[in-house]
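K.L.:
What follows is a structure written as structure tokens; I'll ask about it next.
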Amino acid sequence: MPHVVAIELTAPQRRSRIEDILREFESEGYEKAGRPEEPGSWSELFALASTQGLFRDKLLYIVDEAEKLGPFPDRLEALLEKEGARNVILLLYNGKCNAFPKSLKEKVRIVTVGRELKNKRERLRWMEEVAQRKGLSLTGEALYLLDEWIEDVEEIESEIEKFCLAEQKSVTADMVRELSKDEGSRALIRLLDGVCLRDGKTILSSLKQLQGKTEFLVVVTSLYNRLRLASLFLSFGGRGPDAAGARYYQSKMAKEAACRYTKEAIWNATVSLGLLSAAEKMGRGKGWLGLELVLCDLIRTQPPLSC
374 MPHVVAIELT
384 APQRRSRIED
394 ILREFESEGY
404 EKAGRPEEPG
414 SWSELFALAS
424 TQGLFRDKLL
434 YIVDEAEKLG
444 PFPDRLEALL
454 EKEGARNVIL
464 LLYNGKCNAF
474 PKSLKEKVRI
484 VTVGRELKNK
494 RERLRWMEEV
504 AQRKGLSLTG
514 EALYLLDEWI
524 EDVEEIESEI
534 EKFCLAEQKS
544 VTADMVRELS
554 KDEGSRALIR
564 LLDGVCLRDG
574 KTILSSLKQL
584 QGKTEFLVVV
594 TSLYNRLRLA
604 SLFLSFGGRG
614 PDAAGARYYQ
624 SKMAKEAACR
634 YTKEAIWNAT
644 VSLGLLSAAE
654 KMGRGKGWLG
664 LELVLCDLIR
674 TQPPLSC
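So, in structure tokens, the structure goes:
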């Protein structure tokens with residue numbers, strides 16, 4: 374009969390922590406017996422562990438998304454063994470494990486991996502800690518840029534690892550732009566920032582790079598979202614982008630655009646992008662040429678008298 378270990382994956386660096394736990398079991402002589410594609414049921418899981426366990430010792434069964442199994446059934450309690458059993462079922466929970474009653478604490482080991490990132494401040498602090506462990510420091514703008522671009526925390530950790538190759542201890546926003554995206558994504562970011570900074574040369578060169586490499590509607594939608602935040606900033610100040618759920622870097626660039634264009638120019642460009650997107654979806658759009666005309670019309674407008 375198996376011993377059950379439930380892992381509560383509340384830490385951001387899930388993949389690396391799971392690998393550490395697996396190595397710990399392997400060092401104790403356990404051999405991975407399998408990893409079901411779907412959790413199935415408790416009865417099926419215990420039947421599998423019991424059947425294979427008749428022929429081999431110290432087997433480790435790994436179950437992803439164990440929360441799908443639901444509460445542990447009373448009828449199987451007698452089949453549980455304490456720590457040190459010949460076979461182990463390792464349950465991976467995405468968050469808290471509430472499947473077992475407290476009365477089973479001697480037979481079910483529950484391990485909580487790390488701490489949960491409850492808010493944006495904790496997420497940013499964690500990113501700084503990851504960089505420090507690798508001997509790096511992130512500038513404020515680089516930190517916020519990474520936070521905006523990448524949602525998945527494991528991917529963030531992987532991206533920070535890339536910066537070690539640059540052989541520079543301080544990671545700047547320019548390094549993030551250069552190393553954290555593929556060529557098409559970098560060109561899109563340059564286009565968005567170029568529009569906000571009223572940089573005609575960057576806008577035209579980025580558009581040329583994007584053609585044929587990035588889906589047209591993705592570019593239009595990204596520009597629409599960026600200029601929409603700028604229009605909200607011009608209408609309501611900093612509260613506008615915040616109410617729309619904008620991140621720090623997005624709000625920062627919205628303010629940059631508000632300093633370089635009038636409210637009317639931003640509004641007209643935002644509406645034009647919306648119409649361009651709708652026409653494209655109906656098969657009547659002007660494509661890249663139409664987008665270039667919208668942006669050229671925007672940057673040729675007179676800048677505001679004051680910021």
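Each number in my numbering corresponds to the 1-based position in the sequence shown with 373 added. The beta carbon of each residue, even a glycine, is placed where N, CA and C say it ideally should be.
(1) Mind pulling the alpha helix (DSSP H) runs of 4 or more residues that sit fully within the region 403-468?
(2) Determine the DSSP secondary structure at residue 571, reduced to helix, strand or coil.
(3) Could you tell me if residue 614 is buried or exposed, where buried requires 16 or more neighbouring beta carbons within 10 angstroms of its beta carbon?
(4) By how many angstroms is the C-alpha of residue 561 removed from the C-alpha of residue 498?
(5) Within the same chain, show all residues whose beta-carbon is closer than 6 Å to that of residue 512, passing over the 5 residues directly before and after it, in chain order.
(6) So, for residue 630: in the same chain, excluding its five sequence neighbours on each side, which residues have a beta-carbon less than 6 Å away from its beta-carbon?
(7) Residue range of the beta strand (DSSP E) that residue 381 falls in?
(8) Could you tell me the alpha carbon to alpha carbon distance between residue 447 and residue 414, rounded to whole angstroms?
(9) Looking only at its own chain, which residues have a Cβ that is under 8 Å from the Cβ of residue 490, when we skip the five neighbours before and after it?
(10) Do the region 429-438 and the region 460-474 make contact, defined as three or more Cβ pairs closer than 8 Å?
(11) Can you tell me whether residue 562 is helix, strand or coil according to DSSP?
(12) Is residue 639 closer than 7 Å to residue 596 when the C-beta atoms are compared?
(13) Report the start-end ranges of each alpha helix (DSSP H) in the region 569-627 that is 4 residues or longer and not cut off at the edges.
(14) Tell me whether the beta-carbon of residue 584 lies closer than 7 Å to the beta-carbon of residue 661.
(15) Please state whether DSSP places residue 496 in a helix, a strand or coil.
(16) Excluding the 5 residues preceding and the 5 following residue 556 in the sequence, name in chain order all residues of the same chain whose CB lies nearer than 8 Å to its CB.
(17) According to DSSP, is residue 367 part of a helix, a strand, or is it coil?
(18) For residue 430, which of 486, 548, 375, 443 has the nearest alpha-carbon?
(19) What does the Cβ neighbour count give for residue 316, buried or exposed, with the cut at 16 atoms within 10 Å?
(20) For residue 589, which residues from the same chain have a beta carbon less than 7 Å from its beta carbon, with the 5 sequence-adjacent residues on both sides left out?
P.N.:
Concretely, from the data shown:
(1) 415-425
(2) coil
(3) buried
(4) 28 Å
(5) 545
(6) 569, 603
(7) 375-382
(8) 14 Å
(9) 385, 496, 499, 526
(10) yes
(11) helix
(12) no
(13) 573-583, 589-609, 612-616
(14) yes
(15) helix
(16) 582, 586
(17) Residue 367 falls outside the range modelled here, since the chain spans only 374 to 680, and no answer is possible.
(18) 375
(19) Missing from the structure shown is residue 316; the chain here goes from 374 to 680 and no further.
(20) 653, 660, 661
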